[in-house]
Every structure is written in C-alpha cells, then in structure tokens.
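These notes concern the structure reproduced below.
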Amino acid sequence: MGRGRLEIIAESLIEWVIRLCGISAIIFIFAIFLFVFKEGAEFLFNELDLTEFFFSKEWYPTSGYNKRYGVLALIVGTGSVTILAMLIAVPFGLGAAVFISEFCGPRLKESLKILIELLAAIPSVVWGFIGLTVINQLIIHVFNAPVGLNILNGGIILALMSVPIIVSIGEDALKAVPDSYREAAVAMGATRWQLIRRVLLPAAKNGLLAAALLGVGRAVGETMAVLMATGHSVNMPNSVLDSVRTLTATIAAELGEAPVNSDHYQVLFIIGLLLFSITFVVNMTADLIVRGVRKK
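With the working numbering as the guide, the letters of the sequence shown map in order to residues 1063 to 1358.
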C-alpha cells in the first residue's frame, strides 16, 4: 500500500513538472514582453509623438539639437526586404514541399529532409557573411550596381533562411491530405499534375498559407543577416538595388551605444515592442490557420 502511494505521488509530481514545462513558454513570452514594455513605457506615454514615430522617415536619435525618432523608413525597409524574400521563398519552398511529398521515393525524401534541416541550422551571421562577400559581388557584376548591399541582397538571404520552415510545414500539410483524395482522383483518370493542382493544393491550402506566414515571421525577426546584407542605410527605397535599414538591425546596431534609460535607449525598446507585436500577429495568424486545418 505504501509503495502504491509513492508511485501515485511520483506520477503526480511528474505530471506537474511536465505541465510546468508546457506553460513555461507562455510565462517566458509574457516576461519578455513586460521587460521590453517596462524599459520603454516612460518615454512611450510621456514624450513620444506617435504621429512622428510612425509617419516620419527622419531617424536622428543622436542629434545634438533636434532629435527625431521617425521609423517609417525602417518599417518600409523591413517590409520591402521581407516581401521580396517571400516572393522568392514561397514559390521555391512550396515547390520543394510538393516535390518531397509527391515525387520522391522514401530514401531520397529522407535525404532531402536532412539537407533542409542542415540548411535551417546555418547561423544567421554565416548567411550575413555570404551576403556580404558572395552575393554582394554578384549583384555588382550582374546589375552594374554601385554597391551590392541592398534590398535584393537581403531578400535573397532571407529567402534562403525562410525556405526550410516553408518546406517543412508545407510538406506536413500535403502529407495530412487523406489518401482517399489521391485514390479518388487517380480512379477518375487524373494525371499527377492534375492531382496536385486540382486536389492536393486546394485541400492543403490553409496549411500552405500557414507555412508562408511562418516564413514571414522568420524573415521579419531576422537581425544579423539583414544588418550585414542590406547596406544599413536609413532610406526610402525606390528599387530593389537601394540600400535600406530594418527595425531589427537598428536595435542590434544602436542599443550597445545608447546610454541606459536615455530617450534613444527607450525608443529602441519601443521598436522592440513594435517588432514583438508584428511577429506575434503573424505567428498567431499562422497558428489559427493550422488549427483550422487540423479540425477539418
């Protein structure tokens, strides 16, 4: 009897430990949000002009006589690099997901999955070096640009970094389509391409959209690669060959030099809040879409 009680206590303890591990991620997210909010709250509510903050392209936080904290150019830079990255990554990522799901044999499928996981494991600073040394020279040579550190460079790098997650989630979504759909299409005489275009893609569209949105979240939150590959210039771009600066790169480059609790320091944390909100919305949207797929 005593031994049985000890086993019950041990099982209850293990259950609570597992439950605590499960909710710890939520606790950490709220703790990070509260920390970032606390560091920028005083300036956000007392001194920051939100109209200037969101709609001015003048970012001069260290000016001696007229400090300006406009992040419009930074938001546009982030958006332009992310959009270009998704225009490259989504077709390639979804195409690779279809290939792995429907055209590969078991051995080739496992080999490609391992390679994709290795691609995802490459550190962002290494991607930044590739953009700084290799893609920079290619852009200068191919497009005759004065400098190769621009939106195009950053978009290519972010696309390469986002493809693994798009492929992984997209392949899972295609694999979740019931085999009865495939069997019915084949029984009706559909070719392989008709099966993919008219049956699999419509059936897995929510999961594929979730994969694209998760790729967007990956691209928006990237720091070191875009810091090294985009030219880090506060600029409203007119073409993909213009240099820009992103929100994440601004925080990484300036936080170490900003005096603690200064206006500049607090504005950088407010930018962090903005980024947190953007990535939270994107990832929450993707999660809701995935839940909708599972219910179906």
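C-beta: ideal position from N, C-alpha, C; glycine also.
Report the three-state DSSP secondary structure of residue i (helix, strand or coil).
i	result
residue 1293	strand
residue 1130	strand
residue 1302	coil
Taking the alpha carbon of residue i as the point to measure from, which residue in the options has its own alpha carbon closest?
i	options	result
residue 1300	1138, 1333 and 1161	1138
residue 1184	1223, 1273 and 1078	1223
residue 1097	1212, 1257 and 1335	1335
residue 1292	1197, 1125 and 1102	1197
residue 1344	1313, 1285, 1332 and 1271	1271
residue 1228	1253, 1179 and 1254	1179
residue 1156	1242, 1258 and 1169	1258
residue 1131	1235, 1265 and 1115	1115
residue 1325	1279, 1103 and 1090	1103
residue 1177	1234, 1230, 1123 and 1237	1230
residue 1174	1226, 1123 and 1212	1226
residue 1305	1171, 1092, 1207 and 1182	1207
residue 1329	1094, 1108 and 1069	1108
How many angstroms separate the CA atom of residue i from the CA atom of residue j?
i	j	result
residue 1152	residue 1263	14 Å
residue 1200	residue 1210	8 Å
residue 1214	residue 1277	17 Å
residue 1309	residue 1145	15 Å
residue 1303	residue 1078	54 Å
residue 1320	residue 1348	35 Å
residue 1063	residue 1076	Residue placement at residue 1063 is poorly supported in this model, since its pLDDT is 48, which falls under 50; the coordinates still yield a value, given next. Roughly 20 Å between the two C-alpha positions.
residue 1307	residue 1141	10 Å
residue 1117	residue 1106	16 Å
residue 1285	residue 1294	11 Å
residue 1081	residue 1134	42 Å
residue 1350	residue 1298	34 Å
residue 1346	residue 1261	27 Å
residue 1073	residue 1086	20 Å
On the premise that residue j lies in contact with residue i, defined as a C-beta separation below 8 Å, what is that separation, rounded to the nearest angstrom?
i	j	result
residue 1219	residue 1287	5 Å
residue 1289	residue 1217	In fact, because the Cβ distance is near 14 Å, the residues do not count as touching under 8 Å.
residue 1084	residue 1159	Actually they do not touch by this definition, with Cβ atoms about 29 Å apart.
residue 1150	residue 1221	4 Å
Does the separation of the CB atoms of residue i and residue j fall below 9 Å?
i	j	result
residue 1317	residue 1327	yes
residue 1296	residue 1136	yes
residue 1254	residue 1164	yes
residue 1193	residue 1236	no
residue 1312	residue 1340	no
Please tell me whether residue i has its Cβ less than 9 Å away from any Cβ of chain B.
i	result
residue 1144	This model lacks chain B altogether, as it is built from one protein chain only.
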